[in-house]
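Residue numbers (my numbering): 2 to 318.
For every residue, glycine included, the Cβ atom is placed at its ideal position computed from N, Cα and C.
On a predicted model such as this, the values are computed, not experimentally measured, just so you know.
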């Protein structure tokens, strides 16, 4: 009887033009604080920087905020909580776009400056290129014994599809206001002059990377940094010997160091998660692929379709 009444009501509403909009897959809810370890009134915020760094929002049935938006939201919430006495960055990324890496680095520095709290970076499997760029904002950087870090440098991603288009009988034509307007186009070969222009941009972003490393690693002189910054990667031990990280340690060591720098003996380690995300301990994370596997899910073709080459602080073996 009830089901029949529901059908009748639905038919009446349809006839009268009444409609109801609802979503089977609602968007992500606001962040919720989850305690993963420790005791006391003070808090240490554990924030994850994982996957390829970009401003891309997550697709799927339930769209998710971009990494930048998510980190900004976490830092904004922590800034309003006086109980947060320190920040630990759990970094597990091969890097990403130049701008996204720089924005997150800027946001971490701003949080550290405004709240006057210590920041400790803990490099997990990979903290390379843009990942190391972000780590440079921390007061101290720890790497696991098996971590891979470094890859200080810039790479530009583009492609030349001219030969492929010729094989299928397609010719792309651009009408532009100047000879350099379509430089970097995937539909023709790059000229030496255009390559020189792009190299100038890359050199500028590279110099910015060097400056960020120098600011974060005052123990290193610029000539030392340049020798280290040829794009190569380092193990945790190699990075420590070179002065790129402060010590070798695990995530718990990073938490203890953060507590020590904050001047607290007891603290609760907390994470900010979306409803439905599970956090049981400091290693809990979203169900996501490894940093290098994440490159396979990173929509590089979206960059190509955007019509512009992309400048990356990215280790992409």
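Unbroken alpha helix (DSSP H) run spanning residue 209, endpoints | Residue range 193-217 is occupied by the alpha helix (DSSP H) that includes residue 209.
Pair within 8 Å by beta-carbon distance, residue 55 and residue 97 = Their beta carbons are under 8 Å apart, which means residue 55 touches residue 97 by this criterion.
Cβ pair count under 8 Å reaching 3, the stretch 245-254 against the stretch 71-84 = Segments in contact, no.
Are residue 245 and residue 132 closer than 8 Å when you measure CB to CB?
-> Taking 8 Å as the Cβ cut-off, residue 245 and residue 132 do not qualify as a contacting pair.
From residue 197 to residue 51, what does the alpha carbon distance come to, in whole angstroms?
-> Linking residue 197 to residue 51 through their CA atoms gives a straight-line distance of about 34 Å.
Can you find at least 3 beta carbon pairs, one from the stretch 233-248 and one from the stretch 138-154, that sit closer than 8 Å?
-> Output reads yes: the stretch 138-154 touches the stretch 233-248.
Helix, strand or coil at residue 168 according to DSSP, with G and I counted as helix = DSSP places residue 168 in the helix class (H, G or I) of the three-state scheme.
Figure out for me which residue from 155, 75 and 58 has the closest Cα to the Cα of residue 33.
-> For the options 155, 75 and 58, the alpha carbon positioned closest to that of residue 33 is the one of 75.
Can you check whether the CB of residue 268 is closer than 8 Å to the CB of residue 261?
-> No, the pair does not count as a contact, with Cβ atoms beyond the cut-off.
Given a cut-off of 8 Å, decide if residue 48 and residue 156 are closer than it, judged by their beta-carbon atoms.
-> 8 Å or more divides the Cβ of residue 156 from the Cβ of residue 48.
Residue 214: which of 263, 69 and 129 sits nearest, CA to CA?
-> Of 263, 69 and 129, the residue nearest in Cα terms is 129.
Where residue 57 falls: helix, strand or coil (DSSP) | In this structure, residue 57 counts as coil in the three-state DSSP scheme.
Any Cβ of chain B within less than 8 Å of the Cβ of residue 212?
-> Of the chains in the structure shown, none is chain B; there is only one protein chain.
First through last residue of the alpha helix (DSSP H) which encompasses residue 100 | Annotation: the continuous alpha helix (DSSP H) that includes residue 100 extends over 99-116.
So what does DSSP say about residue 44, is it helix, strand or coil?
-> Looking at residue 44 - three-state DSSP - the assignment turns out to be strand.
How many Å lie between residue 103 and residue 173 at the Cα?
-> Between residue 103 and residue 173, the C-alpha separation is close to 35 Å.
Can you give the Cα-Cα distance for residue 284 and residue 36, rounded to whole angstroms?
-> C-alpha separation (whole angstroms): 12 Å.
Straight-line gap, residue 247 to residue 241 (C-alpha atoms, nearest Å) = Straight-line measurement puts the Cα of residue 241 at about 6 Å from the Cα of residue 247.
Which partner residues of residue 93 appear in the DSSP bridge assignment?
-> Paired residues: 51.
May I ask you to report which of helix, strand or coil DSSP gives residue 157?
-> The answer is strand: DSSP assigns residue 157 an E or B state.
Would you tell me roughly how many angstroms separate the C-alpha atoms of residue 226 and residue 266, rounded to the nearest one?
-> Residue 226 and residue 266: Cα-Cα distance of roughly 36 Å.
Starting from residue 77 and walking both ways along the alpha helix (DSSP H), at which residues does that stretch end?
-> Residue 77 -> alpha helix (DSSP H) spans 68-80.
Is the beta carbon of residue 45 less than 8 Å from the beta carbon of residue 89?
-> Yes, the pair counts as a contact, with Cβ atoms nearer than the cut-off.
Does the distance from the C-beta atom of residue 87 to that of residue 118 stay below 8 Å?
-> Result yes, Cβ atoms of residue 87 and residue 118 sit closer than 8 Å.
For the alpha helix (DSSP H) holding residue 239, just list the boundary residues, first then last.
-> Counted as a single uninterrupted DSSP element, the alpha helix (DSSP H) harbouring residue 239 occupies residues 237-243.
Own chain partners of residue 85 with C-beta closer than 6 Å, once the 5 adjacent residues on each side are dropped | The residues 44, 46 and 79, in chain order, have a CB closer than 6 Å to that of residue 85 in the same chain once the five nearest residues on each side in sequence are set aside.
Kindly indicate which three-state DSSP category residue 221 falls into: helix, strand or coil?
-> Assignment of residue 221 by DSSP, reduced to helix, strand and coil, places it in the coil class.
Based on Cα-Cα distance, which residue from 106, 100 and 57 lies nearest to residue 216?
-> Cα-wise, what sits closest to residue 216 is 106.
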